[in-house]
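*Asks:*
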Amino acid sequence: MSMKILTVDDSRTMRDMLRLALTGAGFEVVQAVDGKDGLDVLEREDPQLVITDINMPKMDGFGFIEGARRIDRFRVVPILVLTTESDPEKKQRARSAGATGWIVKPFDPVKLVDVIRRVAA
Amino acid sequence: MAENESKANAAREYITFRIGAQYYCIDIMSVREIRGWTPATALPRAPAFVRGVINLRGVVLPIIDLADRLGFEPTEPTQRHVIIVAQTGKNIVGLLVDAVSDIINMPADKVQATPDVGSEAARAFVLGVMAIEDRMISLIALESVMPTLAREAA
Amino acid sequence: MDPMQAIKDTFFQECEEQLGELETGLQAMEDGTADDETVNAVFRAVHSIKGGAGAFKLDRLVKFAHVFETTLDRIRNGQLQPAVPVMKSMLRAADVLADLVTFSRDGGALDDSRSNEVIAELSAHCEAKPAAQEEPAEEPDGNPFAALGWEPVAVSLEPVLNQYEIVFKPKPELYAKGNETTRLMRELARLGSLTVHCETADVPLLANLEPEQSYLSWRATLLSEQDLAAVQAVFEFVDGDCHLDIEAVESAAETAPEPETKAAIEEPKAVAEELRAAAPALREAAKAEAAGTANAAQNTIRVDLDRVDRLINLVGELVINQAMLTQRVLEAGAVKNASIATGLDDLEHLTREIQESVMAIRAQPVRPLFQRMARIVREVADATGKNVRLKTEGEGAEVDRTVIERLADPLTHMIRNAVDHGLERPEARTAAGKPAQGEVRLSAAHKSGRVVIEIADDGRGIDRPRVKSIAIKKGLIAPDAQLTDTEIDNLLFLPGFSTAETVSAISGRGVGMDVVKRSIQALGGRISITSRPGLGSTFSMSLPLTLAVLDGMVVKVADQTLVVPLNSILETMKPKGGEVYGLGPDSQVIGIRGGFTPLIDVGYELGFRSHRSDPMTGVTLLIETEGGVRSALMVDAIQDQRQVVIKSLEANYGHVEGIAAATILGDGRIALILDTDAIVNASCGRGTPSEMLLAG
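Protein chains in written order, with the numbering used here: chain A, 53 to 173; chain B, 6 to 159; chain C, 1405 to 2100.
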C-alpha cells in the first residue's frame, strides 16, 4: 500500500507541483488549502506524512504543526515544512512548533522524494 | 513516394445529385446529413442564391440554392427537395438540391481537371469532373459555394 | 497537455489572482483601512508568486519578488512604516511585478531600468543592499541542490573509505517532532556500511518507565566514501534535539561490511517498538478515530470554460424545446386539461430557473477588472503630474465573463480620459477652490436585469463651447446649429471627433470615444454622458448581464418574424391619421407630443418589401439609440414579448447589416434579432451622422 501524504499549501501551483512529484513517485496525495483546512483533512484522511507551507491565510504552517501535534495520533507523524526561506530563524520556529524537517522551494522532485524517504519508513 | 501515390489513388466516396439535367457530386466526408426541405427564414440583403437560414438542432444553418449558385434557374423548393448538410472547416452550410441520386466510389486519379469552358460559375465552383457510365459528374468545390466567401465576392 | 505546462498555466492564473489581492491590499494600506491581516495577505501574494516563479526558473520574477517581499516583511514586522513614499514605491513595485508576470507568460522584454529603479527604491526603504545579492542561494540558476539545502558531494573515481564514529543520544524532543532513530540509522546505512550498537543500559524497569522519555543511545561505526558534511546532513533535521558526536577516524580500515549490520539496525527498532507498546495511551489515541468531523476541504471547483458553454448551449436548446412543446400543446388544444396546463407552467418555471443558474456559472465579479483600473489611474496620474485617487464601489457585482473581458479596453480608455482630460492639474484645482487631489469614481450596480457601470470624475466638466467649435470646424455640425447641452456632450461619441488638439500620448492612440461607444454597443450595451461645468463628468454604461439571452419583442414585418431588443424600445403606439408627414421625397416623420421623429419602415429598410407600407396599417415602436437619438420603427404587428436565446449568425454565414443575431422561436423556426441602431443609421445613411443626431 502506498504511503498517503497530506500537502498543505494555499498556492494551487504548489499543490499541483507537489501532487505531480509525489504521485509520480508512487505516493497517494491528499490536499488542504490552509492550516485550518489542513487540520480537518488530517483527521479525516489519516496521512502517514505531511508537507506544509508556512505562509498561509487563516492558519499558518506553525499553527498547523502545533495543532497537529496536539492530536494524539499525529504526535509522531513526520511533518515537513515547505518554504522558500533559507532563513534559519524560520526553520527554528518550525522545529519548535514540531516540524520533523524542511524542504526548501523550489524543490527538485527527486530530492523531495529523498527527503521524504529520510523521515518516513 | 510509392506510398504517397497509393494514397493519392485511394478511392473516395462521393454523393451525387442532380440539378436539372446535370449531375454533380461532393466528397462524402464533408456531408453531415441529408434532410428534407423546410422553409427558411429570409436574410436581408442576401444574394439571391442564399435562401435564408434554418434551425438545425440549434445551429443557424444558411441554405444555398445550388442551382441558382451555379447559374441555373432558381429552385422552387417542394417537400421532395433535399438539403445536403455539408461542412468545410468550421463552416456548415445546407445545399438545396433536387434529389440525391447515388453514392459512387472513385479513385482520385479518375478525377479529371475541369475542361476549359466559358462559364464563370463552372470554373469557380467545379473542382474536377469524372465519368461514370455515360454520365459526366462535376465535383463541387465546397469552399467556393460557401456564403461567407461568396458574400465577400459579391 | 504536458503536466508541467498545465501547472504553469495554473501558476499564471494564480498570479493574476494574487496580483488582484496585492492591488486591493495595497490600496487599503494606502487608504489607511488596512489591518494586520491585509498586510499578511499582501505579503503572501508576493510570496506565492515568488514561490511558483522559482519552480519555473523565472529568475527575474523571483529576484524582483524577493526584494518586494523583503520590504513587505519589514512592514509586517513593524520595522518599516508604510508612509506615503513607501506606499508609492510599493504600488510601483506591484505594477512592475504585474509586468514581469505578463512578460514571463507572453514573452517580451521588460525595460530593466524600470525594475532596477524600483528595486533600488525598495532597497533604500529597507536601508539594505539589494536582497538579490544577499542571498545567492536562492538564485535558481545556481546549484540546483542548493535550493534544497544540500551540497552535492564530490565523488572521487578511486573510492576512499572514510571511517566515522558516531555517538547519538536522542532527546525526547526528537521523537516529539516525528523523527525516528531507526530512519536516521537507515539513512546512515545508505552512505556506506554501518555497524550499530544500541545502549539500553539506561532503560528503567517497566514500572518506572516514562513513555515520553528517551532512554536509548546508539554508537555507530560508518565506513563511507562520503565526506563529513554528508554524514552530518543525515542529522540535519535533529540538530539540537540530540546529543551527537561524529568523529572522522584517520586512515579507514579496508574492512568488508559487517554482516550483522541489518540485524543491528533491526534491534533498536525492536526496542523502540517495545517502548511504544509500553505507552498504551499513545496506542489508544491512535485508535480513537475522531471521524466525521471533517468538512469539505474546498467549496469551489475549477471547470473548463468549454464545458460551461456547452451546458449553456444545451440549456438554450432546452428553453427552445420547452417553448416549442408549449406551442404544440396549445395548437393541439390539449391545454383545456388543467393538469397539462399546470405541468407546462411548472416546466417553464423550471427551465427558466435552470437557465438562470447556468448563466450564473459564467458570471464573475467585476473586481479584477476594477483592480486593473487602479493601475491605469496611477500611471496616467504619474505621466500627467496629477494627483488622483480612485474610488471603487460595487466590485462584487457579477457579470458574464465575456462582458467583463470585452469591457477592459473601453473602460481603460475612459479611465485614461477621465484622468488626462477630465481632471485639472493640482494648481488649477486649488485655484478653483477644490481639493488638490482629484477623484475618479468607478462603480458597478445591478439595475433591472442589467449592470450599470459608471466612471465619474470631479474635474472641470465638458467644455461645451470648445466641443461645439471643434465639431463645427470638423464639419460635423452646421455652424448655426442650435444644440442642447446633452446634444453637445454627445458630439464626443461621433466618429472623427477628438477633443485633444494635440493628440496626447496617454489618451491618444488614435482611439476616440466613438470606438468606445461601438465596443459597448457590440456588447448590447448603451453609454451616456452627463457633465456639469466645473464639477465633473460621468460616463454611464448599461450592459446586459449575459450575452446568451435577450428580452425582446416579437414582431411581424412583411411576413417575416423579427425580434426587437426590449431595452431599446421606449413605447409602442398606433399612428393615427394626420400624425405622419412626408419630409422630402424619401422620408417620413411622425408627430409625437409636439415633436417630430423620423419614421423608419423596417420591412423597406431590410429589403423585405420594395415599397413603403402605409403607416396607418402598422404599429410603431419608439426607440432610442445609444446617442439618445429617437426614431420610430414601423412594423406590421406585435406578437409577443419574451426572452430569446441569442444564436450567432456569423458562425456559418456572416454579419448582416441591420441584424444583430438570430434566435429560435417556439415553432422551431429562426427569427432575426434587429440591430436597432444599425437600422437607424442605415435609414439616415444618406445623411451625415450629425444630421442623425440633430434629428433627435
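Cβ coordinates follow ideal geometry from the N, Cα and C atoms, glycine included.
The structure displayed is predicted, hence computed values, not measured ones.
Please work out which residues of its chain come closer than 8 Å, Cβ to Cβ, to residue 1697 (chain C), disregarding the five sequence neighbours upstream and downstream, and give them in chain order.
*Replies:* Within the third sequence, the letter at position 293 stands for residue 1697 (chain C). Reliability of the predicted coordinates at residue 1697 (chain C) is poor, the pLDDT of 32 falling under 50, and the value obtained from them is presented with this limitation in mind. Contacts found: none.
*Asks:* Check the Cβ-Cβ distances between residue 1553 (chain C) and every residue of chain B, and say whether any is below 8 Å.
*Replies:* To locate residue 1553 (chain C), count along the third sequence from 1; it is residue 149. Reliability fails at residue 1553 (chain C), whose pLDDT of 39 lies under 50, so the model's placement of it is uncertain and the value that follows must be treated cautiously. With 8 Å as the cut-off, residue 1553 (chain C) does not count as an interface residue toward chain B.
*Asks:* Looking at the unbroken beta strand (DSSP E) that takes in residue 1948 (chain C), where does it start and where does it end?
*Replies:* Against the third sequence, residue 1948 (chain C) aligns to sequence position 544. 1940-1948 is the span of the beta strand (DSSP E), which, as asked, contains residue 1948 (chain C).
*Asks:* Please decide whether residue 73 (chain A) counts as near chain C, where near means a Cβ-Cβ distance under 8 Å.
*Replies:* Looking up residue 73 (chain A) in the first sequence gives position 21. Taking Cβ atoms only, chain C never reaches closer than 8 Å to residue 73 (chain A), which makes this a no.
*Asks:* Decide if residue 1422 (chain C) is buried, meaning its Cβ has at least 16 other Cβ atoms within 10 Å, or exposed.
*Replies:* Your numbering for residue 1422 (chain C) matches position 18 in the third sequence. Classification for residue 1422 (chain C): buried.
*Asks:* Report yes or no: do the stretch 1725-1745 of chain C and the stretch 1769-1783 of chain C share at least 3 C-beta pairs separated by less than 8 Å?
*Replies:* In short, these stretches do not touch, since the Cβ pair count stays below three.
*Asks:* When we look at the beta-carbon of residue 1406 (chain C) and count the other beta-carbons within 10 Å, is it buried (16 or more) or exposed?
*Replies:* Numbered from 1 along the third sequence, position 2 holds the residue referred to as residue 1406 (chain C). So residue 1406 (chain C) ends up on the exposed side.
*Asks:* For residue 1843 (chain C) and residue 1528 (chain C), I'd like the C-alpha separation in whole angstroms.
*Replies:* Locating residue 1843 (chain C) in the third sequence gives position 439, counting from the first residue. Locating residue 1528 (chain C) in the third sequence gives position 124, counting from the first residue. Looking at the two C-alpha atoms, the distance is approximately 30 Å.
*Asks:* To be precise: take each residue of the stretch 1713-1725 of chain C, compare its Cβ to all Cβ atoms of chain B, and keep it if any distance is under 8 Å. Which residues remain?
*Replies:* Of all residues in the stretch 1713-1725 of chain C, 1717, 1720, 1721, 1724 have a Cβ within less than 8 Å of some Cβ in chain B.
*Asks:* Using alpha carbons as the reference points, say which of A:57, A:70, A:60 lies closest to residue 1411 (chain C).
*Replies:* In the third sequence, counting from the first residue as 1, residue 1411 (chain C) sits at position 7. Among A:57, A:70, A:60, the Cα nearest to that of residue 1411 (chain C) is on A:70.
*Asks:* Just checking: is the beta-carbon of residue 153 (chain A) within a distance shorter than 8 Å of some beta-carbon in chain C?
*Replies:* Taking the first residue of the first sequence as 1, we reach residue 153 (chain A) at position 101. Output row for residue 153 (chain A): interface = yes.
*Asks:* With DSSP as the reference, label residue 1647 (chain C) as helix, strand or coil.
*Replies:* Numbered from its first residue, the third sequence carries residue 1647 (chain C) at position 243. It is a strand residue.
*Asks:* Do we get a CB-CB distance below 8 Å when we pair residue 1448 (chain C) with the residues of chain A?
*Replies:* The count along the third sequence starts at 1 and reaches residue 1448 (chain C) at position 44. Yes, because at least one Cβ of chain A sits closer than 8 Å to the Cβ of residue 1448 (chain C).
*Asks:* Give the interface partners of residue 69 (chain A) over in chain C, defined as CB-CB distance under 7 Å, in chain order.
*Replies:* As a position in the first sequence, residue 69 (chain A) is number 17, starting the count at 1. Within 7 Å Cβ-Cβ: 1411, 1459.
*Asks:* Confirm, please, whether the CB-CB distance from residue 2039 (chain C) to residue 2025 (chain C) is below 8 Å.
*Replies:* Locating residue 2025 (chain C) in the third sequence gives position 621, where the first residue counts as 1. Locating residue 2039 (chain C) in the third sequence gives position 635, where the first residue counts as 1. Yes, Cβ-Cβ distance for residue 2025 (chain C) and residue 2039 (chain C) is below 8 Å.
*Asks:* Whose C-beta lies closer than 6 Å to the C-beta of residue 66 (chain A) among residues of the same chain, with five residues either side of it excluded?
*Replies:* Taking the first sequence and counting its residues from 1, the one referred to as residue 66 (chain A) is at position 14. Once the five neighbours on either side are set aside, residue 66 (chain A) has no close Cβ partner at all.
*Asks:* Give every residue of the same chain whose Cβ lies closer than 6 Å to the Cβ of residue 1424 (chain C), excluding the five residues on either side of it in the sequence, and list them in chain order.
*Replies:* To locate residue 1424 (chain C), count along the third sequence from 1; it is residue 20. Cβ neighbours of residue 1424 (chain C) beyond the five flanking positions: 1772, 1775.
*Asks:* Spell out whether any CB of chain C is found under 8 Å from the CB atom of residue 109 (chain B).
*Replies:* As a first step, residue 109 (chain B) must be located in the second sequence, where it is residue number 104. Taking Cβ atoms only, chain C never reaches closer than 8 Å to residue 109 (chain B), which makes this a no.
*Asks:* Spatial neighbours of residue 1719 (chain C) within its chain, please: CB distance less than 7 Å, with the 5 preceding and 5 following residues excluded, ordered by chain position.
*Replies:* As a first step, residue 1719 (chain C) must be located in the third sequence, where it is residue number 315. Around residue 1719 (chain C): 1758, 1759, 1762.
*Asks:* Please name the residue in C:1781, C:1821, C:1745, C:1924 whose C-alpha comes closest to that of residue 1809 (chain C).
*Replies:* Walking along the third sequence from the start, residue 1809 (chain C) turns up at place 405. Considering only alpha carbons, the answer is C:1924.
*Asks:* Nearest-angstrom Cα distance between residue 76 (chain B) and residue 85 (chain B)?
*Replies:* Translated into positions along the second sequence, residue 76 (chain B) becomes position 71. Translated into positions along the second sequence, residue 85 (chain B) becomes position 80. Going by the C-alpha atoms only, they are around 22 Å apart.
*Asks:* Along the alpha helix (DSSP H) that carries residue 1923 (chain C), what are the first and last residues, could you check?
*Replies:* Within the third sequence, the letter at position 519 stands for residue 1923 (chain C). Here the alpha helix (DSSP H) through residue 1923 (chain C) covers 1917-1926.
*Asks:* Along chain A, in chain order, which residues have C-beta atoms closer than 7 Å to that of residue 1415 (chain C)?
*Replies:* The residue you call residue 1415 (chain C) lines up with position 11 of the third sequence. Simply 65.
*Asks:* How about residue 46 (chain B) and residue 57 (chain B): are their beta carbons less than 8 Å apart?
*Replies:* Along the second sequence, read from residue 1 onward, the residue named residue 46 (chain B) stands at position 41. Along the second sequence, read from residue 1 onward, the residue named residue 57 (chain B) stands at position 52. Yes, the Cβ-Cβ distance between residue 46 (chain B) and residue 57 (chain B) is below 8 Å.
*Asks:* Check the Cβ of residue 1583 (chain C) against every Cβ in chain A and list those closer than 9 Å, keeping chain order.
*Replies:* Mapped onto the third sequence, residue 1583 (chain C) falls at position 179. Simply 128, 130, 152, 153, 171.
*Asks:* Using 10 angstroms around the beta-carbon of residue 1649 (chain C), count the other beta-carbons present and answer buried if the total reaches 16, otherwise exposed.
*Replies:* Counted from its first residue, the third sequence places residue 1649 (chain C) at position 245. Exposed is the call here.
*Asks:* With a threshold of 7 Å (Cβ to nearest heavy atom), would residue 151 (chain A) be considered close to the ligand NAP?
*Replies:* Among the ligands in the structure shown, none appear at all, so the ligand NAP cannot be discussed.
*Asks:* Below 7 Å on C-beta distance, what does residue 136 (chain B) contact in chain C?
*Replies:* Walking along the second sequence from the start, residue 136 (chain B) turns up at place 131. None at all; the shortest Cβ gap to chain C is about 34 Å.
*Asks:* Looking at the C-beta of residue 2055 (chain C), does it have a partner C-beta in chain B at a distance below 8 Å?
*Replies:* Numbered from its first residue, the third sequence carries residue 2055 (chain C) at position 651. Taking Cβ atoms only, chain B reaches closer than 8 Å to residue 2055 (chain C), which makes this a yes.
*Asks:* So, using beta-carbon positions, are residue 1624 (chain C) and residue 1592 (chain C) closer together than 8 Å?
*Replies:* Your numbering for residue 1624 (chain C) matches position 220 in the third sequence. Your numbering for residue 1592 (chain C) matches position 188 in the third sequence. Taking 8 Å as the Cβ cut-off, residue 1624 (chain C) and residue 1592 (chain C) qualify as a contacting pair.
*Asks:* Grab me the residues of residue 1845 (chain C)'s own chain with a C-beta within less than 6 Å of its C-beta, minus the 5 sequence neighbours each way, in chain order.
*Replies:* In the third sequence, residue 1845 (chain C) corresponds to position 441, counting from 1. Same-chain partners within the cutoff: 1795, 1860.
*Asks:* Determine the closest residue to residue 158 (chain A) out of C:1498, C:1452, C:1481, with distance taken between C-alpha atoms.
*Replies:* In the first sequence, the residue the question calls residue 158 (chain A) occupies position 106. Checked all of C:1498, C:1452, C:1481; the closest Cα to residue 158 (chain A) is C:1452.
*Asks:* Hey, could you find the ends of the alpha helix (DSSP H) residue 1422 (chain C) is sitting in?
*Replies:* Here residue 1422 (chain C) refers to the residue found at position 18 when the third sequence is read from its first residue. Counting along the chain, the alpha helix (DSSP H) containing residue 1422 (chain C) begins and ends at 1407-1435.
*Asks:* Do we get a CB-CB distance below 8 Å when we pair residue 50 (chain B) with the residues of chain C?
*Replies:* The sequence position of residue 50 (chain B) within the second sequence is 45, counting from 1. Answer yes: the Cβ-Cβ gap between residue 50 (chain B) and chain C drops below 8 Å somewhere.
*Asks:* Can you pull the DSSP bridge partners for residue 1842 (chain C)?
*Replies:* Start at 1 with the first residue of the third sequence, and residue 1842 (chain C) comes out as number 438. BP columns for residue 1842 (chain C) point to C:1792.
*Asks:* Would a check of beta-carbon distances place residue 165 (chain A) closer than 8 Å to chain C?
*Replies:* For the purposes of this step, residue 165 (chain A) is taken as residue 113 along the first sequence, with counting starting at 1. Chain C contact via Cβ: absent.
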